[in-house]
Every structure is written in C-alpha cells, then in structure tokens.
Amino acid sequence: MPTRVLIVEDQTALAENLAEFLSEDHYALDFASDGLTALHLLASNTYDVIVLDIMLPGISGYELCRRLRNDLHSSVPVIFMTARGELSDKEQGFALGGDDYLVKPFALRELQLRIDALTRRGTADRSLLCAGALHYDPGTLIASFSGKGSVELSATSSRLFEALIRKYPRFASHEDLSRVIWGIGEGDPHTLRTHVYALRKTLQTAFGHPFIKTVHGRGYRIESPDPSEGQL
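Below you can see the structure in the form of structure tokens.
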C-alpha cells in the first residue's frame, strides 16, 4: 500500500522536483500551493505524512500546523521544510506540533529518508509501558501520570518517549534516540536536542514536571517522581 503524502509548497520548481523524485517509489502524492487549499485537502483525505513549507501565501505553514493539531485534532506527522534555519524557528515549529524540520536547500533523498522514518510502523509490543506512575500507551500515543491527567504526543515525541520509557530506569543513548527518529544512529545532535526540548515542554505543561534528565555526554533517561508528593 503506497504512503500517502501531502506536499504543501508554493515554489513550482521544487514541487515538480519532489513529484518527479517521489513518484518513482511507493508514494501517493497530493500537492497544495497554499495553506487554504491544504486545509481543504486535509479535511477530506487521510495522509501518512505532510511535508509543509513555512512561508506560504495566505495561511503560513506554522498556522496550518496549529490548525491541523487544534482544529482538526490530527496527529499525522508533519515535516517542515524551509529556508528559515534558526533554532528559534525550529523551536516554534516543534512547539506547534511539527515532527521534523528540514532546512533548504536539501537533498531529495534526505527528505525521502525522513518521510520513511516518520511513517515506519514497527512490530514492537504495543502494550502499556510504565515508569513508576508515568504511563504510555503506544497504540494511542497517550502519556499519563497518575492523578495528573494525560496528553497525546506528536509522532516524533511519541517515538522518543517510547524509546526512553522502554529503557527505564536506564538511559537511552544519543544513538538510540537518533535511530528511532531517523532510522540511523548518527542524526543531527542539535535537532535531537530540539526534539527532546519539545517533549520536555509537552510533559512539563501537562504534568508539571519535565521527567527527562540529561545524562551528560551519553543520552537521556526518564525520572518519574511520586505523584503523591506535594512538589513535582
């Protein structure tokens, strides 16, 4: 079954290059040159991943992603692609629900690898995972903390969180976490830190605690406090 991809890009030449490169493989592609057209397509179709330019006419890519998450309640993975490569731009994209961020110019093969990594469905055990009072359901992408509610994670945050909670109480190395995001053990360390920051922020907002501790020079681990404690 082909991977369904929506590409939202207003530069005709780039959109045509993407179409030519990806149409030769296992992808079914739809295209939109502006945010409003993309919203109409998203309201009537199901996609496995969205490749989204930020600087679009009318509705920006940031705003489109926000509406996708908040109004359409969709968790479909989003890859931002843009010439805006500052850390603050990436932080904004991840905070709005983006799962990956690709800075132009980029190799088309790299985009393909990122699409495949986001849509890959493993065969690992999907039963409830626990780290103390912190729980995660891989089937629904929902994390919960006893007595403190629950939160649905984005596609990339869910893979990071699952890798961390499966390692609990040990740490997950940088290579472990790069592999679950990109399929290789040598991903960009700055982008990895940005993904971890976004996950920490989500958990902090939902539960009042970031849960993820840095193991300096090695990776990250889950630290689950007791929910009965007055101070989290």
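Here the sequence shown is numbered in the UniProt record's numbering, starting from 1 and rising by one per residue. C-beta: ideal position from N, C-alpha, C; glycine also.
Cross-strand partners of residue i (DSSP beta bridge)
i: residue 136; result: 129, 143
i: residue 259; result: Lying outside 1 to 232, the shown extent of the chain, residue 259 is not represented and no answer is given.
i: residue 6; result: 30, 50
i: residue 152; result: 142
Same chain, Cβ closer than 8 Å to residue i, five either side skipped, listed in chain order
i: residue 167; result: 176, 221, 222
i: residue 23; result: 29
Coarse secondary structure for residue i, derived from DSSP in three states
i: residue 37; result: helix
i: residue 47; result: coil
i: residue 99; result: coil
i: residue 207; result: helix
i: residue 168; result: coil
i: residue 28; result: strand
i: residue 80; result: strand
i: residue 91; result: helix
i: residue 86; result: coil
i: residue 75; result: coil
i: residue 173; result: strand
i: residue 21; result: helix
i: residue 188; result: coil
Nearest to residue i (by Cα), restricted to the options the options
i: residue 202; options: 169, 215, 219, 149; result: 149
i: residue 180; options: 59, 60, 118; result: 118
i: residue 171; options: 224, 120, 208; result: 224
i: residue 186; options: 147, 143, 54, 219; result: 219
i: residue 111; options: 18, 178, 217; result: 18
i: residue 206; options: 188, 151, 178, 163; result: 151
Same chain, Cβ closer than 6 Å to residue i, neighbours up to 5 away in sequence not counted
i: residue 103; result: 85
i: residue 204; result: 210
i: residue 122; result: In this prediction, residue 122 has a pLDDT of 39, which is less than 50 and means its spatial position is unreliable; nothing more can be read from the coordinates.
i: residue 35; result: 56, 58, 59, 64
Chain-order list of residues whose beta-carbon lies under 7 Å from that of residue i (same chain, five-residue window excluded)
i: residue 158; result: 141
Min CB distance residue i to chain C below 8 Å
i: residue 200; result: You won't find chain C in this structure, because it holds only one protein chain.
Item to check | Segment contact flag, the region 25–39 with the region 94–101, C-beta cutoff 8 Å, min 3 pairs | outcome: Contact between the region 25–39 and the region 94–101 is absent: fewer than three C-beta pairs spanning the two stretches fall below 8 Å.
Checklist entry - Are there three or more Cβ pairs, one per stretch, closer than 8 Å when the region 95–111 is compared with the region 128–136? => result With a cut-off of 8 Å on Cβ pairs, the region 95–111 is not in contact with the region 128–136, counting fewer than three such pairs.
Checklist entry - Touching or not, the region 68–88 and the region 35–43, by the rule of three or more beta carbon pairs under 8 Å? => result yes
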